[in-house]
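Data first, discussion second: the structure below is written as structure tokens.
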Amino acid sequence: MTQMVSGIDALETAMIGPVLSPGHADYDAARSLFNGDIDRHPAAIARCLSAADVAAAIGFARGHGLELSVRGGAHNYSGAAAGDGCLMIDLSGLNAVTVDPAARRAKVGGGATMADMDSATQAHGLAVPGGVISHTGVGGLTLGGGMGWLTNKMGLTIDNLESVEIVLADGRIVRASADERPHLFWAVRGGGGNFGVVTEFEFRLHPVGPEVHVALLFWRLDQGAEVLRFARDYLPTMPRDSGVMLAAGLSAPPAPFVPEQYHFMPGNAIIVAGLSSAEAHAELVAPIRDALPPLFEFVTPIPYVGLQQMLDDSAPWGICAYEKAIDLDELSDQAIAVIAGQAPKKASPMSFMPMFHLDGAFTDVGEDATAFGGSRRRHFVCNLNAVAPTSAELEPDRAWVRETWEALRPHAANAGSYVNFMVELDADRVRAAYGPAKYDRLAHLKGEYDPDNVFHRNANITPA
């Protein structure tokens with residue numbers, strides 16, 4: 006049973022937003038996480054409505070010896086947004102998005118979701134590169150890097166970040182940009198939530214949509230090696246105005262565009278998003294179809310916001326989930342053999358292995374230009390995604406993810422992986438993700454901005 010926090014009235018008085026204690030009508034909804042396998046009970050939840058509210062909550066937690074957690078979209082698989090006995094800083098009320106279409110800039114609250122941002126920017130035919138699930142929080146996605154359908158054309162989310170408003174561990178509310186606190190600005194672009202609570206992001210916007218094009222092509226499970234070998238050769242030839250996801254072990258959805266005999270059938274898919282004309286998209290899809298005639302395909306124009314929501318049903322709120330990821334410089338024959346061999350071993354129809362090919366604008370940014378925890382060389386990110394309705398059903402696929410990850414490790418060029426896809430946030434894995442030099446630089450900045458490691462429920466950087 007979570008204990009009441011003494012002196013909570015003082016925090017309620019200091020904040021504009023409400024403070025929810027156990028027993029409050031909204032407490033359980035506020036502590037809920039995307040990952041339903043995690044059930045934690047904060048001591049109190051500070052629903053912040055301003056940067057000053059966040060500063061007050063940080064000061065209260067430090068003064069009362071409470072661990073802090075920060076909830077943006079609460080989409081992290083590790084459940085970092087909530088902790089038993091913590092004071093949770095809930096940013097969900099800071100979800101406003103203000104767009105300046107003439108300047109192509111957007112100011113986005115730290116608690117906004119991708120759906121909030123996409124809706125506001127697409128009203129002007131503009132977008133920020135982001136994730137592929139619309140209820141993902143902009144904050145967590147951005148601070149770790151941010152990759153999705155637009156990465157090949159426009160880079161990571163952090164590559165399009167202009168500035169942040171951030172509340173530091175000592176309660177100061179500051180701005181960081183290329184011209185103001187540039188070292189802090191470097192750190193928040195990939196360094197996660199280690200340096201403070203970002204209450205507002207400012208992004209550059211790009212013309213996108215409002216209509217784009219998507220194709221989903223689906224093959225049998227036993228064609229996995231064949232599909233991956235083709236993708237290995239074809240994806241590097243694709244233009245920048247396209248985005249591709251490979252999906253090994255994906256179960257065909259019971260959707261109208263899927264022939265009924267294939268509903269829930271596990272297989273392999275290539276999903277191709279085209280950002281220009283229907284004709285250009287058709288030219289992208291034709292070589293795939295010609296080389297490997299699929300069991301079925303679905304090719305259609307789609308609103309950009311629809312593309313961003315297309316995979317939401319694969320990761321519904323409250324589902325039980327676990328993931329690991331690994332960076333592969335190439336899809337070697339050995340790595341392909343592991344992926345194709347492991348795909349049939351999953352137990353849950355919802356589990357699969359999405360893979361992103363990072364190229365184009367992603368590689369234009371220098372290795373040290375941001376704190377991104379991964380290589381800027383062209384490579385594949387292989388996400389091993391276990392998803393199931395209940396904790397009991399998740400367990401066999403948790404083991405499947407771990408087994409697959411271990412089998413892929415000998416074929417990875419380095420020990421790194423994308424920090425936003427990390428669940429076990431142990432120190433060795435975090436250091437490996439950033440590499441020694443980048444980690445050491447982050448550790449020195451952590452020592453400057455958060456020497457007491459107040460913000461540690463994350464892919465934590467130990468203060469130097």
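Add 5 to the 1-based position in the sequence shown for our numbering, that's all there is to it.
Backbone N, C-alpha and C define an ideal beta-carbon position, used for all residues, glycine too.
Model, not experiment: these values are computed from the prediction.
Around residue 200, the same chain offers 171, 173, 189, 192, 193, 450, 451, 454, 455, 460 as residues with beta carbons nearer than 8 angstroms, after the five sequence neighbours per side are excluded.
Per DSSP, reduced to three states, the secondary structure at residue 82 is coil, with no helix or strand assignment.
The three-state reading of DSSP puts residue 388 in strand, counting E and B together. Between residue 222 and residue 275, the C-beta spacing is below 8 angstroms. Spanning the alpha carbons of residue 147 and residue 77 requires a straight line of approximately 11 angstroms. A distance below 7 angstroms between beta-carbons, with the five flanking residues on each side excluded, links residue 64 to the following residues of its chain, in chain order: 176. Every alpha helix (DSSP H) of 4 residues or more that sits fully in the stretch 351-417 is shown, in chain order, as 366-369, 396-413. Spatial neighbours of residue 50 in its own chain (CB-CB distance under 6 angstroms, excluding positions within 5 residues in sequence) are listed in chain order as 25, 35, 93, 95. Under the three-state reduction of DSSP, residue 348 is assigned to helix. Shown here, residue 15 sits in a helix according to DSSP, grouped into three states.
In this structure, the straight-line span from the alpha carbon of residue 102 to that of residue 114 is close to 6 angstroms. Contact between residue 392 and residue 422 fails: their C-beta atoms lie close to 19 angstroms from each other, not under 8 angstroms.
With distances taken between CA atoms, residue 220 lies nearest to 262 out of 262, 210, 405. Per the coordinates, the alpha-carbon of residue 161 lies some 6 angstroms from the alpha-carbon of residue 134. In this structure, the alpha-carbon of residue 151 lies about 18 angstroms from that of residue 358.
Just measuring C-alpha positions, the residue of 375, 165, 11, 212 sitting nearest residue 196 is 375. Taking the C-beta atoms as reference points, residue 71 is found no nearer than 8 angstroms to residue 53.
In summary, residue 86 is buried, with 16 or more beta-carbon neighbours lying within 10 Å of its beta-carbon over all protein chains present.
Taken in chain order, the complete beta strand (DSSP E) segments of 3 residues or longer contained in the stretch 258-282 are 271-279.
In the structure shown, residue 218 falls within a strand segment according to DSSP collapsed to helix, strand and coil. Look at residue 454 here: in three-state DSSP terms it is helix. Take the alpha-carbon of residue 428 and the one of residue 354: they are about 21 angstroms apart.
Each residue's CA atom was taken as its position, placing residue 346 and residue 289 some 28 angstroms apart. Residue 441 and residue 38 have their C-alpha atoms some 32 angstroms from each other.
The beta carbon of residue 458 is closer than 8 angstroms to those of 451, 465, 467, 468 in its chain, skipping five residues each way along the sequence.
Closest in alpha carbon position to residue 336, among 74, 233, 55, is 233. Residue 143 has its alpha-carbon roughly 5 angstroms from the corresponding atom of residue 118. Around the CB of residue 377, 16 or more other CB atoms lie within 10 Å, so the residue is classed as buried.
Taking C-beta atoms as the reference points, residue 344 and residue 272 fail to come closer than 8 angstroms. Counting C-beta atoms within 10 angstroms of its own C-beta, residue 11 has fewer than 16 neighbours from the protein chains shown and is therefore classed as exposed. By the Cβ criterion, the stretch 177-184 is not in contact with the stretch 383-402, since fewer than three pairs of Cβ atoms, one from each stretch, lie closer than 8 angstroms.
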